[in-house]
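Have a look at the structure below, then the notes.
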Amino acid sequence: MEYEDMFPYTGELKIFRAPNAYSPKILEEILKLASENGLELIPLIQTFGHLQFVLKHSKYQHLREVPDKTDTICPSDSKSIQLIQEMLRQIQAAHPKSKSIHIGCDEAWNIAKDERCQNKLKTDFGNSLERLKLSHISTVAKFAKDTLGFKSVLAWDDLLRKIPTPLLTEFQIGEYILPVIWNYDLDVSSSNKFPAGMFQRYTKIFPKIIFGSVFKGAENGNTTFVKIDRYLSNLKSFFNLYEEKKENLEGRIAGIAVTGWQRFWHGIELCEILPEGIPSLVNEAIYINNPSLRKDGITKKVFETLKCKTRDSKELHFNGNIYVPRKEEIYANCNFPGVDVYALVSS
Numbered sequence: 019m020e021y022e023d024m025f026p027y028t029g030e031l032k033i034f035r036a037p038n039a040y041s042p043k044i045l046e047e048i049l050k051l052a053s054e055n056g057l058e059l060i061p062l063i064q065t066f067g068h069l070q071f072v073l074k075h076s077k078y079q080h081l082r083e084v085p086d087k088t089d090t091i092c093p094s095d096s097k098s099i100q101l102i103q104e105m106l107r108q109i110q111a112a113h114p115k116s117k118s119i120h121i122g123c124d125e126a127w128n129i130a131k132d133e134r135c136q137n138k139l140k141t142d143f144g145n146s147l148e149r150l151k152l153s154h155i156s157t158v159a160k161f162a163k164d165t166l167g168f169k170s171v172l173a174w175d176d177l178l179r180k181i182p183t184p185l186l187t188e189f190q191i192g193e194y195i196l197p198v199i200w201n202y203d204l205d206v207s208s209s210n211k212f213p214a215g216m217f218q219r220y221t222k223i224f225p226k227i228i229f230g231s232v233f234k235g236a237e238n239g240n241t242t243f244v245k246i247d248r249y250l251s252n253l254k255s256f257f258n259l260y261e262e263k264k265e266n267l268e269g270r271i272a273g274i275a276v277t278g279w280q281r282f283w284h285g286i287e288l289c290e291i292l293p294e295g296i297p298s299l300v301n302e303a304i305y306i307n308n309p310s311l312r313k314d315g316i317t318k319k320v321f322e323t324l325k326c327k328t329r330d331s332k333e334l335h336f337n338g339n340i341y342v343p344r345k346e347e348i349y350a351n352c353n354f355p356g357v358d359v360y361a362l363v364s365s
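Residues in the sequence shown are numbered consecutively from 19, following our numbering.
Below, the structure written as structure tokens:
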């Protein structure tokens with residue numbers, strides 16, 4: 019669960035909280051519900067890129083890698099590490115039963131642009147951008163694991179994909195990171211989706227990996243409705259990817275994360291809100307449990323799970339125009355939280 023500005027930060031970090039951030043009491047309720055349903059909540063807190071909710075504040079703008087961009091924190095400033103460590107401490111204190119944490123570390127686009135990083139590149143890292151990145155990621159991961167006691171530290175893998183094996187070994191990445199290999203395209207098994215040799219390199223470094231698929235929120239920043247078939251295709255292609263790379267992946271898959279995104283980045287509106295995504299999530303959960311099911315078999319199971327009533331989708335004729343309802347409208351007469359919103363948006 020990625021909190022961003024919804025976590026009830028305290029002390030000097032209180033300014034990160036959105037006006038509608040979760041209260042400690044609500045967070046306790048979320049954790050209680052998760053526990054009652056046999057779920058472990060794994061908190062996700064960004065620690066490299068996607069830090070707009072932190073770096074937009076004037077108090078912390080000096081930690082930006084690029085002065086006019088709020089996405090990436092400067093990894094070469096000791097105050098950056100101090101800030102991240104305090105954020106992680108507060109997250110850990112609020113999740114005493116969580117054995118795992120996700121430290122983000124994806125899409126840190128602006129690295130080594132700042133004078134602090136450029137100096138470090140020369141003095142500490144032999145002008146190696148990869149070493150600069152790995153130093154930051156490993157420092158954060160070691161703190162989460164060794165100091166805070168998390169048994170597993172997850173991180174998105176995109177910053178690691180092209181890094182040579184010796185460098186990954188040098189920074190003990192395989193000992194501290196459980197990588198989540200993510201891609202939200204229709205077909206992740208096609209040849210150009212991951213760098214050449216990536217899976218062979220990962221085999222030498224990581225005992226386990228996780229796949230990162232998606233059930234909503236990855237079409238574009240202003241999409242208003244979930245395309246179930248599009249996201250199910252992404253999930254199915256991860257199963258195909260496993261078969262294609264079985265030589266490298268067999269025995270290493272620790273699971274598959276089915277992600278659902280609320281917005282593309284901190285500064286824009288919500289897209290594909292959660293009620294619209296629930297039928298998509300159920301479709302994917304059913305497929306994961308039985309990958310041999312065909313589409314009609316999955317739909318039948320979804321109808322049973324969500325206690326759906328048959329709903330005929332008929333063409334509508336108005337002012338000489340023909341309106342063809344979305345295929346997804348068949349789920350508008352089901353029983354799940356937010357179905358009224360789903361029906362409204364799908365119609």
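The beta carbon of each residue, even a glycine, is placed where N, CA and C say it ideally should be.
Judging by CA-CA distance, which residue of the options is the nearest neighbour of residue i?
i: residue 268; options: 293, 260 and 275; result: 260
i: residue 401; options: 46, 320 and 61; result: There is no way to answer for residue 401, as the model of the chain reaches only from 19 to 365.
i: residue 75; options: 43, 348, 36 and 310; result: 36
i: residue 243; options: 313, 346 and 55; result: 346
i: residue 322; options: 337, 304, 175 and 338; result: 304
i: residue 47; options: 103, 88, 113 and 92; result: 113
i: residue 170; options: 177, 159 and 178; result: 159
i: residue 130; options: 110, 82, 101 and 100; result: 82
i: residue 71; options: 89, 55 and 59; result: 89
i: residue 153; options: 178, 104 and 298; result: 178
i: residue 8; options: 42, 23, 41 and 40; result: No answer is possible for residue 8: it lies beyond the span of the chain, which begins at 19 and ends at 365.
Buried or exposed: which applies to residue i, given that a residue is buried once 16 or more other Cβ atoms fall within 10 Å of its Cβ?
i: residue 79; result: exposed
i: residue 290; result: buried
i: residue 94; result: buried
i: residue 127; result: exposed
i: residue 294; result: buried
i: residue 96; result: exposed
Closer than 8 Å: is that where the CB of residue i sits relative to any heavy atom of the ligand ZN?
i: residue 204; result: As presented, the structure is devoid of all ligands, the ligand ZN included, so that no description of it is given.
One question on the structure: do residue i and residue j come within less than 9 Å of each other, judged by their Cβ atoms?
i: residue 230; j: residue 165; result: no
i: residue 224; j: residue 197; result: yes
i: residue 189; j: residue 201; result: no
i: residue 250; j: residue 307; result: no
i: residue 235; j: residue 282; result: yes
i: residue 115; j: residue 49; result: yes
i: residue 253; j: residue 296; result: no
i: residue 351; j: residue 328; result: yes
Which stretch, first to last residue, makes up the beta strand (DSSP E) that contains residue i?
i: residue 113; result: From DSSP, residue 113 is part of no beta strand (DSSP E); its letter is neither H nor E.
i: residue 84; result: Element bounds for residue 84: n/a, residue is neither H nor E.
Assuming residue i and residue j make a contact with CB atoms under 8 Å, what is their CB distance in whole Å?
i: residue 119; j: residue 162; result: 5 Å
i: residue 65; j: residue 122; result: 6 Å
i: residue 274; j: residue 228; result: 7 Å
i: residue 63; j: residue 109; result: 5 Å
Which first and last residues belong to the alpha helix (DSSP H) in which residue i is found?
i: residue 319; result: 313-323
i: residue 214; result: Where residue 214 is concerned, there is no enclosing alpha helix (DSSP H), given that its DSSP letter is neither H nor E.
i: residue 257; result: 246-262
i: residue 159; result: 147-160
i: residue 306; result: 292-307
i: residue 42; result: 42-54
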